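Below is one structure, written out as structure tokens; the observations come after it.
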Amino acid sequence: MPPTGETGTPTGTPTVETGTPTDTPTVETGTPTGIPTVETGTPTDTLTGVVGTLQRRWTALATGGMRPFWMAVVVVLGMQLLGLLAYSTFLYHRFDLTDDFGTYSQAWWLIGHGHLNPVDTIQAPPYPFWQSHFELALWPLALLGRLWSSPLQLLWLQDLAIVATETVTLLWVARICENRILRRRSLAGGVALVALVWNPWWYQVASFDVHFEVLGLPFVVWSAYALWRGRPRVSLVAGAVALLFGDVVSVIVVGVAIAGLLSRRVRRDSGVRWPGALGALSLGWLALIALVGGNKGSGIVANYGSLVGASPRATSVSVLRALVLHPGHAIHRLLHRRDAMGRVVASAGLLGVVTPWGLLVAIGVLGPAALNANPLFLSPVIAFQTVAVVPFVFVGTVMVLVRIGTGPELPAAAHRIPTDRSGATRRRRTVVALGLALAVSVLSLVQSIPLYTSIRTDWWRVDASTAASLRVVLPLVPPGAEVVASQGVIGRFAQRRSVYPFLASPQAFPVTEPVVVFVVVPSQGIESVSPPAARSAVSALTSRDHARVLFDRSGVDVLVWHPPPGVHTIVLP
């Protein structure tokens, strides 16, 4: 029986519509034969075309015998997206947004209001935003602010990026199942779906402000998947887009390119030219970032200089060169933090680190995080630093389990099938693969369950009464005023030219505007200043600097200060 296409018509057989002779062109009245007609482009026609395209794509996804799996994906990821959007909205209305959100929100607001070279005043000392991580993607994203001015859209974009990353990951998993598994493909894919969505790293990421490492991740995974699928041009385009999300994402793209060079499948289908081009592009981009000083946010000297005894005045290039030439201290720190690195890969299945995709991305992500002077960079609290490991190690784990369960693949087959056709051997392989899958699932659960219990204690630090007071305060702050705010709630106050986080006691702040508003929340939010020190600062502002109390309720103190002429700095004790 000949293969059938989407409509059930045998492939290669033209369809003939009633009343129209085959191969005879239909001529519209008044239209010369051979001249194409021009559609009017009505909304109905456009909608019909979009629906038709979606139907064709859905049919193409289901041709591998995994329609139940994809129906489950639509339902589960749809529910997850709605949950993430609601969670982000909750955090936004609770003012649970710290200085990281403030950094992006300030630049997003300034660019959207015509300040195309915004200065990031959240950092000390301030510098142009582009010098932080060279995250050029924020400029086109800021155009959305012209349509809807709420910075909540930044959180929602991050939620979409999380679900998009999972979607591309599951596309990759489904293709592996279609190529290698003969029966129960949807069941295998469904187990993978549950395991991926269950991973707590996604929800830790959604809990902590917004970060461009997460926004760029779908393009990184898409680039790797396209390279694996034998679509190198798509891979190169997706990788190029990923580079626009900053230097950290660019390092991950380098890992993808090297993984492609090491992958036998990629070398067989695309050769070494395309992954080599992706690697050259990403390395060249990183070199450009270093040359123009676009990586200040990575704090290479501050975070890694101690490994090589670098002085505070050293350059990023000199520190990186010293790390390459003298790796001893770096190796010692990596060994010291191996357990923390193991926790990340264990949550994603662990076995994937033996594949090029899992290993190279894990090295590119976990290596810098482990070498950082701050050990929290490997913790779930700062999950955005390491979440890129999850999809790649997860896909690698699926590859390993499928390979064990089905045996080696036939290199020339369109749909790979096991070469070992012995029923007894297949059963033994299946048992071993299932046993390993159960083991890595248990390991992942052991790593994940405590992280779910800690989300409530690590985040949601602003209670309802304090949030209600802050909602009253927010419109009272003049748009042109300078704002100094407690770190734990500064995110919602950052849509202005001058905003500074209250991070330490004592701390000096530049005075750049004729009106300065202090928003001090001593006992709420994620704060680095102790409540007694914060209250002492409020007392000093009223008694020493004669600031006027604008609001004092539910643990929220808001003060307005008009600096005397010639005063350019104020110090909070």
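Number 582 in my numbering belongs to position 499 of the sequence shown; there are no gaps in the numbering. Ideal Cβ positions, reconstructed from N, Cα and C, are used throughout, including at glycine. As the structure is a computational prediction, the values presented were derived from the model and not from experiment.
Ser-318 is classed as buried because its beta carbon has at least 16 other beta carbons within 10 Å across all chains shown. The C-beta distance from Ala-397 to Leu-406 rounds to 12 Å, too long to fall under 8 Å, and the pair is not in contact.
In this structure, DSSP gives Phe-634 an extended state, which the three-state scheme calls strand. Ranked by Cα distance from Leu-484, the options Gly-435, Val-604 and Ala-360 are led by Gly-435. Counted as a single uninterrupted DSSP element, the beta strand (DSSP E) harbouring Ala-591 occupies residues 590-593.
For Leu-326, the three-state secondary structure derived from DSSP is helix. A distance below 7 Å between beta-carbons, with the five flanking residues on each side excluded, links Ala-360 to the following residues of its chain, in chain order: Leu-319. Taking 8 Å as the cut-off, the beta carbon of Gln-189 is found closer than this to the beta carbon of Pro-201. Cβ neighbours of Ile-372 within its own chain (closer than 6 Å, five residues either side excluded): Phe-217, Asp-330 and Asn-378. Shortest Cα-Cα distance from Val-280 to any of Ser-622, Gln-163 and Pro-614 involves Gln-163.
Restricting attention to His-651, Met-424 and Phe-291, the CA atom closest to the CA of Thr-181 is found in Phe-291. Under DSSP, the beta-bridge partners assigned to Pro-211 are Val-202. Within a 10 Å sphere around the beta-carbon of Gly-195 sit 16 or more other beta-carbons, which makes this residue buried. The segment 223-235 makes no contact with the segment 442-459, as fewer than three CB pairs between them are under 8 Å.
Val-402 counts as buried, since no fewer than 16 other beta carbons sit within 10 angstroms of its beta carbon. For Arg-268, the CB contacts under 6 Å within the same chain, skipping 5 residues up- and downstream, are Gly-148, Met-149 and Cys-260 in chain order. Straight across, the Cα-Cα distance linking Ala-275 with Val-481 is about 8 Å.
Taking one beta carbon from each stretch, the segment 559-576 and the segment 520-535 have fewer than 3 pairs nearer than 8 Å; the two do not touch. In this structure, DSSP gives Phe-475 a helical state, which the three-state scheme calls helix. The alpha carbon of Gly-563 has as its nearest neighbour, out of Pro-474, Ser-548, His-415 and Val-582, the alpha carbon of Val-582. Counting C-beta pairs with one atom in each stretch, the segment 435-449 and the segment 385-397 have fewer than three that are closer than 8 Å, which means they do not touch.
If you draw a straight line from the Cα of Thr-513 to the Cα of Ala-309, it is about 29 Å long. Annotation for Phe-184: the continuous alpha helix (DSSP H) segment containing it runs 182-195.
Of the candidates Leu-442, Gly-367, Glu-565 and Ser-381, Ser-381 places its Cα closest to the Cα of Phe-295. The shortest C-alpha to C-alpha distance from Leu-344 to any of Ala-307, Leu-221, Arg-263 and Thr-131 is the one to Ala-307.
In this chain, Trp-543 is not harboured by any beta strand (DSSP E), its DSSP state being neither H nor E.
Residue burial annotation: Ala-363 is exposed, with fewer than 16 other C-beta atoms found within 10 angstroms of its C-beta.
In the structure shown, Val-280 adopts helical secondary structure according to DSSP, grouped into three states. By alpha-carbon distance to Ile-465, the top candidate from Ala-289, Leu-408 and Ala-342 is Ala-289.
Secondary structure in the segment 298-380: the alpha helix (DSSP H) runs of 4 residues or longer, each lying completely within the stretch, are 300-311, 315-326, 330-345, 347-353 and 356-375 in chain order. Within its own chain, the residues whose Cβ lies closer than 8 Å to the Cβ of Leu-642, once the five positions on either side in sequence are excluded, are Val-600, Phe-601, Val-603, Val-621, Leu-624, Thr-625, Ala-630, Arg-631, Val-632 and Leu-633, listed in chain order. Pairing Leu-168 with Trp-239 gives a Cβ-Cβ distance under 8 Å.
In this model, Val-427 and Ala-547 are separated by some 33 Å (Cα to Cα).
Taking C-beta atoms under 8 Å as the contact rule, Arg-575 and Leu-557 qualify, at a distance of about 6 Å. When the beta-carbon positions are compared, His-409 and Val-384 stay at least 8 Å from each other. Per DSSP, reduced to three states, the secondary structure at Trp-644 is strand.
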